[in-house]
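Protein chains in written order, with the numbering used here: chain B, -13 to 518; chain U, -13 to 518.
Using N, Cα and C, we set each Cβ at its ideal position, and we do this for glycine too.
Structure first, commentary second.
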């Protein structure tokens, strides 16, 4: 991990980014898609050229030891990584910048900040790695209600406090980034094995607060299942749950805070269930005549109780875009792994399920196959993808993803409906065809988690509205067809209108009441999940 | 399933019960344990001899179509199946009988009942199969706060409404009993495969409301994981969550209601994840030199990611009591099963883990071994056990169980401490030694769920106080040593003092606020989990 600071605009740290080759490959791909050999370019303003609104609140003396209102800090904490936020960054619009940024070093610092925020009517926005794609970290608040907003960056909570090898668990501070976490576990032969796409620039606390989806495509998909206990600071005090492998004592307290997106408290550490590092592997890409055939194979594998570590499928276009295939076949990335025992038998049975739906494996030598061929190419593209948007957006390309989940009985009609609605919206909004692809990132015995990607050619000056219109059409379609507004990207501020339809109104009443009990001044991440 | 009504005292339906042979075997066992050849007997009064307090509230005309204040109904809804309740039944003490019993047929009936209860200051106690062992269904309420109490029996919500074979899910009404549920799924080749010990006399709604623990000893142990969506009636209206295989949209709404023990609403139906019926099996009892060696093997199997369907261990005394072994060895009941593929390889690997800790399997022919030998004897004893207490209690025998969970790093000292504290309490309270045994009912990669059984010779006239003193000592010990007050028996009213220590105080504040939002009059199961 580089020691450089995070970029204020774009993905990763200063000095990192897409290579020239990656950029020109993307240019070529979009050129072909939209029939253009040239894109009108717009560049984002450099940091020094940004004009931020003057802070509306000043840092109180008692907090000055860990707070700053410096330009970089405010700019780098204005936005997450959603398309809409990236557009506003491109335009140099930092109207929603936090008034200052706090970097607490202790729970007492956080409590002091909360006390002050409550008395000063200032909103607090918890910030981990800033990789939210749903407006979860942007201080987009009601200025008639709040006198200001402070971004609360957890980066100093970056250690592993204890490792219990006997129970295979570790006590990990919430602000630690993915790579540092894994680096500390590795000498012990352990791994959290939770690798969201944002892994390099997201934190344990962020994963828990947003119910992030990780490496495993089946069984333990969400961070939820890996949490053994939690510790949070709330405006009313500390909450710490017991370290327990399981319990039946009332509603699970951890589950109220997992996915609470910073509105109930700030997670400071958690005991996490960790794994031995895998030693046995088998994997292959499997080619299918079409996406629905591949989906049937996924269903068969899941309902067989086989639990592959990876069982993702790409539709033919998605496979072509990422170099995993030629565009004529759908591809399944299938892999089993174990720290304890050989997995070839499970792999062979999964391949039989694939064969039932005309799936043909790419490799016949099973071990380590998961990193070769189509699977390896897709994996590499997946990891590099986030670096490209800060370039493609300069060309006016609107590209975004959205993910959901649906039961198997409704999957095909659901997929067709959502894809068609998004394609129609792209045509209507931009005046030309775009592209909508789909893959499964995770799958369950009772249904898959389809993940859609879309590409459209927007117009500089209208990118934000165009993106919003496409996003709205897609979200309307998937909610109307019975899906969830998010499988693992969270709700934030951007998904509120659809989340409000999805979750029962009386659950919102209960959540609002719970928030009122823990955060009576309503200072924690207002506008996320519920209105304060 | 017999069509007879449930007994008002004891386990099961009228006409069922322990055989003479079972009763005399128990008499012999306790005679040996306590060195007695004769027990002073006390018999419970028959139904006709009971004197119930006159109803404090009368059934309003609008609800009279589904409510009754008949003697049988009130008596049969006074108690669950805890030892303390059984003692009071033995004594003919029905002071806490509900004023009447409601048998709603529709959600509208439930809403009407809730509306009336709110306006009349009457407590409503949801009732499924009445198998609570924690005082969860007893109308033990504060009479200065409530003018009366009504037991709300869900027995008419007893159908499967829909089966989705594609997604392997079923929409099941909450009042259905275990055997009826399985009978309706069987023709479809499906099973919920959730078999708590109370299976025959407990309901889906009860399982969900109390986070019941089922058949599977690993992986899907609690009912929690099998719930796809829920529907509840609350005093503020209906809550229905979406059918989704997974979601990351805010805190999981189902998880607030799973384990809510009737204080937030009454579950009327749920979409449940069901399984294909298993076709492949392998299993065996495995004998170990001692309990801790067996525990180390359980840990190894779980951390190997093998997920046996059964992986329970009995300490030598428990194994002897249930006829599973001679009393010299600890016994593991180990079984794998699958609807899809052979499981011998997994079984062999698990037996290797056992061998590492000196575990010797009973059978070498693996298939169907799980129903033979020690494993089969233990299983039979397990299922018949609840029928015995209504006899042993007549002899003044205090026998009860309590279950918990703890991480592996603390297990041995935890077990020794809790066992010693319970044994000491028995000696102190009854003046003579008793017996405390332990088994694991469920296990996880990060820890086991130890399940303790104790036997003591009490004194008629003091049984309730003696039981309470022993229970208190055991509960104090396990909470002080870091365990949970319940792994799958729920909290109810009896576990409140220890639950109050276990759960974070601020979580109770949040839960209280959520209840206030859904049940502002505080009529639902007051005293359970939190004070209203």
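With H, G and I counted as helix, E and B as strand and the rest as coil, what does DSSP make of residue i?
i	result
residue 255(B)	strand
residue 109(U)	strand
residue 140(U)	coil
residue 328(U)	coil
residue 343(U)	coil
residue 522(B)	Only positions -13 to 518 of chain B appear in the structure, and residue 522(B) is not among them; the question remains open.
residue 386(B)	strand
residue 356(U)	Legend: pLDDT at residue 356(U) = 49, less than 50; position of this residue unreliable, no value from coordinates given.
residue 71(B)	helix
residue 270(B)	strand
residue 93(B)	helix
residue 300(U)	strand
residue 167(B)	helix
residue 527(B)	In the structure as shown, chain B starts at -13 and stops at 518, and residue 527(B) therefore has no counterpart that could be examined.
residue 29(U)	coil
residue 434(U)	strand
residue 263(B)	coil
residue 216(U)	strand
residue 51(U)	helix
Identify the contact partners of residue i in chain U, using a Cβ-Cβ distance below 9 Å as the criterion.
i	result
residue 477(B)	234, 235, 236
residue 468(B)	228, 229, 230
residue 259(B)	430, 431, 432
First and last residue of the beta strand (DSSP E) that includes residue i?
i	result
residue 422(B)	421 to 430
residue 150(U)	146 to 150
residue 159(B)	155 to 159
residue 120(B)	Run containing residue 120(B): none; DSSP gives neither H nor E here.
residue 247(B)	Unbroken run through residue 247(B): none, as it is neither H nor E.
residue 284(U)	Element bounds for residue 284(U): not the beta strand (DSSP E) but the alpha helix (DSSP H), 277 to 289.
residue 223(B)	223 to 226
Residues of chain U with CB under 8 Å from residue i, in chain order?
i	result
residue 96(B)	The premise fails here: residue 96(B) is roughly 15 Å from chain U at the closest Cβ pair, so nothing lies under 8 Å.
residue 335(B)	326, 327
residue 502(B)	499
residue 208(B)	232, 234
Closer than 7 Å: is that where the CB of residue i sits relative to any heavy atom of the ligand ATP?
i	result
residue 387(B)	As for the ligand ATP, it is missing from this structure, which has no ligand bound.
Assuming residue i and residue j make a contact with CB atoms under 8 Å, what is their CB distance in whole Å?
i	j	result
residue 248(B)	residue 73(B)	No, residue 248(B) and residue 73(B) are not in contact; Cβ-Cβ is about 24 Å, not under 8 Å.
residue 211(B)	residue 124(B)	The Cβ separation is near 29 Å, so there is no contact.
Tell me which residue opens and which closes the alpha helix (DSSP H) that residue i is part of.
i	result
residue -10(U)	Careful: residue -10(U) lies outside any alpha helix (DSSP H) and carries neither H nor E.
residue 462(B)	449 to 466
residue 194(U)	190 to 196
residue 58(B)	57 to 62
residue 404(B)	397 to 416
residue 88(U)	Looking at the DSSP string, residue 88(U) is not in any alpha helix (DSSP H); the run it does join, the beta strand (DSSP E), is 86 to 88.
Applying a beta-carbon distance threshold of less than 7 Å, which residues of chain B neighbour residue i?
i	result
residue 394(U)	152, 153
residue 197(U)	234
residue 331(U)	331
residue 279(U)	None at all; the shortest Cβ gap to chain B is about 15 Å.
Find the residues of chain U that neighbour residue i, judging by a C-beta separation of less than 7 Å, and give them in chain order.
i	result
residue 268(B)	Neighbours of residue 268(B) on chain U: none; closest Cβ ~14 Å, over 7 Å.
Applying a beta-carbon distance threshold of less than 8 Å, which residues of chain B neighbour residue i?
i	result
residue 473(U)	232, 233, 234
- Query: the region 476 to 496 of chain U: which residues have C-beta closer than 7 Å to a C-beta of chain B, in chain order?
  - Reply: Those would be 476, 477, 485, 488, 489, 490, 492, 493, 495, 496, in chain order.
- Query: Between the region 423 to 457 of chain B and chain U, which residues of the former have a C-beta closer than 9 Å to a C-beta of the latter?
  - Reply: So the close ones are 428, 429, 430, 431, 432, 433, 434, 435.
- At a Cβ cut of 8 Å, what residues of the region 212 to 223 of chain U count as close to chain B, listed as they run along the chain? Here the close residues are 214, 220, 222, 223.
- the region 174 to 202 of chain U: positions lying closer than 8 Å to chain B by Cβ: Answer in chain order: 196, 197, 198, 199.
- Item | the region 364 to 394 of chain B: positions lying closer than 7 Å to chain U by Cβ | Under the 7 Å Cβ criterion, the region 364 to 394 of chain B contributes 391, 393, 394.
- Query: Listed from N- to C-terminal order along the chain, which residues in the region 238 to 253 of chain U have their beta-carbon within a distance smaller than 8 Å of any beta-carbon of chain B?
  - Reply: Legend: CB atoms of the region 238 to 253 of chain U lying less than 8 Å from CB atoms of chain B belong to residues 238, 239, 241, 242, 243, 244, 245, 246, 247, 250.
- Message: Give me the subset of the region 293 to 318 of chain U whose CB atoms are less than 7 Å from a CB atom of chain B, sorted by chain position.
- Response: Cβ contacts with chain B come from no residue of the region 293 to 318 of chain U.
- Query: Got a sec: which bits of the region 98 to 123 of chain U sit with their beta carbon under 9 Å from any beta carbon on chain B, in order along the chain?
  - Reply: The residues in question: there are none.
- Going along the chain, which residues of the region 281 to 292 of chain U sit with their C-beta nearer than 7 Å to a C-beta in chain B? Residues of the region 281 to 292 of chain U whose Cβ lies closer than 7 Å to any Cβ of chain B, in chain order: 289, 290, 291.
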